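FYI, in full-length UniProt numbering the residues of the sequence shown are 1 to 291.
Each residue gets a CB set at the ideal place from its N, CA and C atoms; glycine is no exception.
What you are looking at is a predicted structure, and each value in this text was computed from that prediction instead of being measured.
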Amino acid sequence: MRFVVVTGMSGGGKSTAIHMLEDAGFYCVDNLPVFLIEKFAELVAVPDNGISKVVLGIDARAGQKFEEVAGIIDTLKERGLPIEVLYMDASDEVLIKRYKETRRVHPMNVNDIGNRIEDGIAKERAVLTEVKKRADYVIDSSKLLTRELREELDRIFVRNEEYNSLMVTVLSFGFKYGIPSDADLVFDVRFLPNPFYIDDLKHQTGNDKPVQDYVKSFPECGQFLDKLTDMLEFLIPGYIKEGKYQLVVAIGCTGGQHRSVTIANELYNRLKAGDGKFGIKLLHRDVKQAR
Numbered sequence: 001m002r003f004v005v006v007t008g009m010s011g012g013g014k015s016t017a018i019h020m021l022e023d024a025g026f027y028c029v030d031n032l033p034v035f036l037i038e039k040f041a042e043l044v045a046v047p048d049n050g051i052s053k054v055v056l057g058i059d060a061r062a063g064q065k066f067e068e069v070a071g072i073i074d075t076l077k078e079r080g081l082p083i084e085v086l087y088m089d090a091s092d093e094v095l096i097k098r099y100k101e102t103r104r105v106h107p108m109n110v111n112d113i114g115n116r117i118e119d120g121i122a123k124e125r126a127v128l129t130e131v132k133k134r135a136d137y138v139i140d141s142s143k144l145l146t147r148e149l150r151e152e153l154d155r156i157f158v159r160n161e162e163y164n165s166l167m168v169t170v171l172s173f174g175f176k177y178g179i180p181s182d183a184d185l186v187f188d189v190r191f192l193p194n195p196f197y198i199d200d201l202k203h204q205t206g207n208d209k210p211v212q213d214y215v216k217s218f219p220e221c222g223q224f225l226d227k228l229t230d231m232l233e234f235l236i237p238g239y240i241k242e243g244k245y246q247l248v249v250a251i252g253c254t255g256g257q258h259r260s261v262t263i264a265n266e267l268y269n270r271l272k273a274g275d276g277k278f279g280i281k282l283l284h285r286d287v288k289q290a291r
């Protein structure tokens, strides 16, 4: 039997994850009151009941004794129930944006609608602290597309592949449009010759082979990529060990269309060919800017 508890921040993607798991064949129950969790677990754990995959969604709503959930999870594990905890998270900035778009009241503010969204988020994070410590899987949906979330859930709960706690985003950008605000590591590749000044390459991008061939024809390009790849392969295991969930590696050139795109593409391919202990995706922020 597989018993998955889905919880996390309101607006972090819990409902979406539950619906996706339901599509994958899980029997799903959402918003079950805390005091019914143990009884529900006992009922679904009965042998030969025809249910082999269960998802239970739990929200940290105002008025519920959510602080008891961590203890309940411990108790169920001690009884031998194969319980797994999926914690859906997102940055404060993303959560605020999502709530402003939907105009919903944050669940932690229902008894005091005068409180700011930020207050509700801070209160919820505090309430969820102990449950998050018990999470088997933490997925930060801040930058995930719907299809990327579905792929991650499918990999964990359908294909039963190893869970990658860290998602690395390789992001190209143009300095003329500003450094990405969410970048963790920023690398400047403007030391490489600029294809923009070559007529045949000016209106192409680093996604086109002629530009790639030009940029990679310089020895400095290969040397830089070797050193950068080596450094990231050294750093990433440390980030995973420290519990980091998102790492944005930003590669910048002047306009974000030639050199940075070429380097980002190559770096992505190199990291993707690694040991698979982290998730990785590729984004080009400014590649479609007018040239």
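Asked	Found
Nearest candidate by alpha-carbon position, reference GLY256, set LEU235, LEU283, ILE236, VAL248	LEU283
Secondary structure, beta strand (DSSP E): runs of 3+ residues fully inside the UniProt domain "RapZ-like N-terminal" (1–160)	2–8, 27–29, 53–57, 83–89, 137–140
Cβ contact check for the stretch 38–51 and the stretch 97–111: 3 or more pairs under 8 Å	no
Alpha helix (DSSP H) segment containing ALA264, residue limits	259–272
Alpha helix (DSSP H) segments (min. 4 residues) lying fully within the UniProt domain "RapZ C-terminal" (167–288)	199–202, 209–216, 219–241, 259–272
Residues near ARG61 by beta carbon distance below 6 Å, same chain, minus five either side	PRO107
Beta-carbon spacing of MET9, GLU148 below 8 Å	no
Alpha-carbon to alpha-carbon, VAL4 and VAL244	Rather than Val, the amino acid found at residue 244 in this sequence is Lys. For LYS244 and VAL4, the distance between alpha carbons rounds to 22 Å.
Euclidean distance between Cα positions of LYS288 and PHE173	11 Å
8 Å Cβ cutoff met for LYS132 and TYR87	yes
Neighbour-count burial assignment, LEU166, 16 or more Cβ in a 10 Å radius	buried
Beta carbon of ILE251 nearer than 8 Å to that of VAL189	yes
Through-space distance from THR7 to ILE58, alpha-carbon basis	5 Å
Residues near residue 292 in its chain [Cβ-Cβ closer than 7 Å; skip 5 each side]	Since the first residue of the chain shown is 1 and the last is 291, residue 292 is not available in this structure.
Touch test, the stretch 213–223 against the stretch 133–147, Cβ-Cβ under 8 Å, three pairs minimum	no
C-alpha gap between GLU146 and LYS281, whole angstroms	The question names Glu, yet the displayed sequence has Thr at residue 146. Distance between the alpha carbons of THR146 and LYS281 is about 14 Å.
Cut-off 6 Å between Cβ atoms - residues of its own chain near GLU42, not counting five sequence neighbours on either side	none
Short Cβ contact (8 Å threshold) for LEU153 with MET1	no
Buried or exposed (CB count within 10 angstroms, at least 16 for buried), ASN160	exposed
Selection from ARG270, HIS258, ILE72 that minimises the alpha carbon distance to HIS203	HIS258
Presumed contact (8 Å Cβ cut-off) between VAL69 and VAL34, rounded CB distance	6 Å
Cα-Cα separation between THR16 and PHE191, rounded to whole angstroms	44 Å
C-alpha gap between LEU185 and VAL249, whole angstroms	5 Å
Supposed contact pair LEU32 and PHE26 - C-beta distance, whole angstroms, cut 8 Å	In fact, because the Cβ distance is near 15 Å, the residues do not count as touching under 8 Å.
Exposure of GLU266, with buried meaning 16 or more beta-carbon neighbours within 10 Å	buried
Environment of PHE234 [buried if 16+ CB atoms lie within 10 Å]	exposed
Which listed residue (GLU84, ASN269, PRO210) has its alpha carbon closest to that of LEU228	ASN269
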